[in-house]
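Following my numbering, the numbering of the sequence shown begins with 165 at its first residue and continues without gaps.
Built from N, CA and C at the ideal position, the CB exists for glycine as well.
Worksheet: one structure, shown below.
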Amino acid sequence: TILYTIPNPNHPNAHSKPQTHHPTPQQQDRGEWDAANAALFPATRAAVEAAGAPTLEVFFARQAPGTGIAPHTDGANFVQTSHLGLLIPAAPPGAVRIEAGVEVRGWVEGKVWVCDTSFVHSTFNGGAEVRGRWVGVLV
């Protein structure tokens, strides 16, 4: 089992496009809700709290077309990261994806994928829609 690895910029999944990741205001950071930012999305906070699962971070993330986040690891295997597809651009299979360890998945609107981000992971938005790719992230 791989517990920690160093990111490799020469990895075949490393992307030459700029790493563009536009999170909205962080709603929760290190387990503390930001009152002003969480007030912008009251239904999100209510749903997270109703689920009863502990969270460290809650935010929405936008990724512009043609960009990706290079392979990296969070170096902590005691948390799981949930990605909820919110607005996913139409694109060929595998063009709008997240990779973690040996798994490669495309986001699906309304579906959640949970991954262990202590494994090397990356994303890429090969879609062309200007709105980009939006996911809700809970750590």
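Short of 6 Å from the beta carbon of residue 262, and not among the five residues preceding or following it, lie these beta carbons of its own chain, in chain order: 269 and 287. Judged by beta-carbon spacing, residue 253 lies within the 7 Å limit of residue 291, meaning their Cβ atoms are closer than that value.
The beta carbon of residue 209 is closer than 6 Å to those of 202 in its chain, skipping five residues each way along the sequence.
The residue among 233, 226 and 244 with its C-alpha nearest the C-alpha of residue 294 is 226.
Distance between residue 205 and residue 265, taken at the CA atoms: about 32 Å. DSSP, read as helix, strand or coil, puts residue 231 in strand.
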